[in-house]
Every structure is written in C-alpha cells, then in structure tokens.
Amino acid sequence: MKIFKLPSPVEELKSDFLSNKRVQLWIKRDDLIHTEVSGNKWRKLKYNIEEARNKNYKRILTFGGAYSNHIAATAVVGKLFNVETIGVIRGDEGFENKTLLKAREDGMKLHFVSRSAYRQKNEPDFIECLKEKFGKFYLVPEGGANDLGVKGCEEILRETEANYDFIAVAAGTGTTASGIYKSMKAGMLMVFPALKGGEFLLEEIKKHESAIEIDLQANYHFGGYGKTKPDQLAFMQEFQSQYSIELDKIYTSKLFFGLFDLIKKNYFSQGSKILVIHTGGLQGN
Ligand SMILES: *Cc1c(COP(=O)(O)O)cnc(C)c1O
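This note's numbering applies: residue 2 is where the sequence shown begins, and numbers increase by one.
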C-alpha cells in the first residue's frame, strides 16, 4: 500500500494526428505514482508529512470541498504514515459521497463547515477555534498549497532529462505549476487552469524565482471548477480508447483537450517537443 512508484515513467504518445502535425508529445505519468493518492497530491504532501512527523505532530488538519482529491489523498497518506487526519469540509453536516466515505474509511475525521466559515480558513481566530476543538495539529492549507508543497513539485522535472520546448500542466491553486516553474531550465511553461478566471494564477506562479516564460491558457475551463461540457467528456472517452490512458474530469481532460485543440490549430511549430504532466486525479472518476 505504501508503495509510491517513483520516479514516475515518461511515455511518448504516438498517433497519426501527432505525426501529421509534426509535434512530439510525452506524458509524465504522475497518475501512476499511487492508486489512491493522486499523483501531484503526493508530491505536495510529501514534505508536509515529513515536517509534521519531524516535529512530532500526532495529527494533520487540512481543508477541502466534498469532492477534493487533496482530502482523499491526505486521508490515505495519514493512514500510511500513522498520523491522524482531520478534514475541514465545505458543506452540510451529513453530506456523503464516495470521496468522503472513503476518506472516513481511511480514518479521517470530517468536520463540516458552512461556506462562510470555510472562507475564514486562513484566519488565525478560526484556526485557534479548530485547535480548541481538535487539539494541536499540523496545518496543511487547502490543496496542499504551501512552500513545502511547491518543494515536492520541484521534483517532477528533476526526475526527467528535461529537454522539451514546452511543459504543459493543469492548475487549481498553481502549486504544482510553481514547482515546475522553479525547476525548469529551458522551454516554455504552459498552464491550463481548471477554473474560470484563472488569469490570477500567472502572478501566483511568478512569485517564485525563475527565468522561464509562462503561457497561460485560461480559456479551457469548460464553465469553471468542477464543471464539464459534453465535448470535453467525449474527448476524454476518445483519448482513453485511442491511447489507453485515463484522464479525469476536473483537470487533465481540460488540459489535454486544450493542448490538442492548440495542436490542431497549428499553435506549435513543426518539430516541437512537448511534455505533459499527468497529475492524476483518477480517484474522482
Ligand atoms: C489538485 C489537482 C491539480 C491542481 O494542482 P494545483 O497544484 O492545485 O494547481 C491538477 N491535477 C489534478 C489531477 C489534481 O488532482
């Protein structure tokens, strides 16, 4: 169970479409890191769990929505490393779905809060109340979005001989993209936000040190975070049957749809080498 498949493999994707367009495309298969812990969620938790254990914390508390891959991943990682986990969930007490049921099964204590309370998740007073309720804890922000999360994501490219013109990644909080940005030596970083209004991510990522250029593709959100469109879902099916690689609805299908759309429109010059990060997320399917 505790087996994390690292370094994750890089596979070339081959098809007539890609060879006709004269682009080469590889996938960094972070989706294969673990069956239950979504790829980039492990990257982001790795140094956080290490820090929590080094500092002798008995429990980790984190935040997420009811369908959160991060909540699911934290619950499993807590179980694997014998650390208690508490998930502060945005939603009504008693709400159940597969993600939450599984998190509970993995030993996570769920604490539901209203939308307005959830918005205070970074306020010291709110966190103090949580400490009174649950005891001392190591706090991991929503989505694993902290410096240690970024540090873990810097390892994605360190595992590959980076020799690509473009590196493409999906984004929610931009933590994964930030780690890639910091560790890139050459080429262009392409970021595909899974949410509406993802333009803010550019500044978020650029807070980190790097000489790399960013190409933010903010138009492939398909209605917003957690929303889907029929053409996106059809693409996801087709992709899976053609390449035998599963994508998720929230992030990676939007990323690949966007990328393939750009390839179709001859956005990339001939001979371009593209590395796409498959961040995982398949637990949500
Ligand atoms: C959470 C998640 C992301 C977003 O990662 P950020 O670091 O928050 O940008 C991307 N892909 C998948 C599959 C995810 O689960």
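We treat Cβ as the ideally placed atom computed from N, Cα and C, and that holds for glycine.
N-terminal and C-terminal residue of the alpha helix (DSSP H) that residue i is part of
| i | result |
| --- | --- |
| Asp262 | 253–265 |
| His71 | 70–81 |
| Asp232 | 231–244 |
| Asp148 | 148–154 |
| Ala53 | 40–55 |
| Gly180 | 176–184 |
Beta strand (DSSP E) segment containing residue i, residue limits
| i | result |
| --- | --- |
| Gln25 | 24–30 |
| Leu140 | 139–141 |
| Leu217 | 214–217 |
From the options, residue whose alpha carbon lies closest to that of residue i
| i | options | result |
| --- | --- | --- |
| Ser39 | Tyr252, Lys274, Lys22 | Tyr252 |
| Leu81 | Ser242, Ile50, Asp262 | Ile50 |
| Pro194 | Gly150, Val24, Gly227 | Gly227 |
| Leu158 | Thr177, Gly173, Ala172 | Thr177 |
| Glu214 | Thr229, Glu200, Val192, Phe223 | Val192 |
| Lys101 | Ala73, Leu276, Val141 | Rather than Lys, the amino acid found at residue 101 in this sequence is Leu. Nearest of Ala73, Leu276, Val141 to Leu101, Cα basis: Ala73. |
| Arg91 | Ala118, Asn83, Asn98 | Ala118 |
| Ala53 | His71, Asp32, Thr75, Leu196 | Thr75 |
| Glu204 | Lys186, Thr174, Val114 | Thr174 |
Buried or exposed by the 16-neighbour rule on C-beta atoms within 10 Å, applied to residue i
| i | result |
| --- | --- |
| Asp249 | buried |
| Phe236 | buried |
| Asp17 | exposed |
| Lys15 | exposed |
| Ser69 | buried |
| Ile168 | buried |
| Asp31 | buried |
Any non-hydrogen atom of ligand 2 within 6 angstroms of residue i CB
| i | result |
| --- | --- |
| Gly173 | Judged by which ligands are present, ligand 2 is missing from the structure shown, whose ligands are ligand 1. |
Per DSSP, the bridge partner or partners of residue i
| i | result |
| --- | --- |
| His279 | Arg30 |
| Val11 | Lys29 |
| Glu85 | Arg60 |
| Pro125 | DSSP, once it has assigned bridges, lists no residue as partnering Pro125. |
| Tyr165 | Answer by DSSP bridge pairing: none, since Tyr165 is not bridged. |
| Phe193 | Ala171 |
| Ser273 | Val24 |
| Val114 | Arg91 |
| Gly65 | Ile90 |
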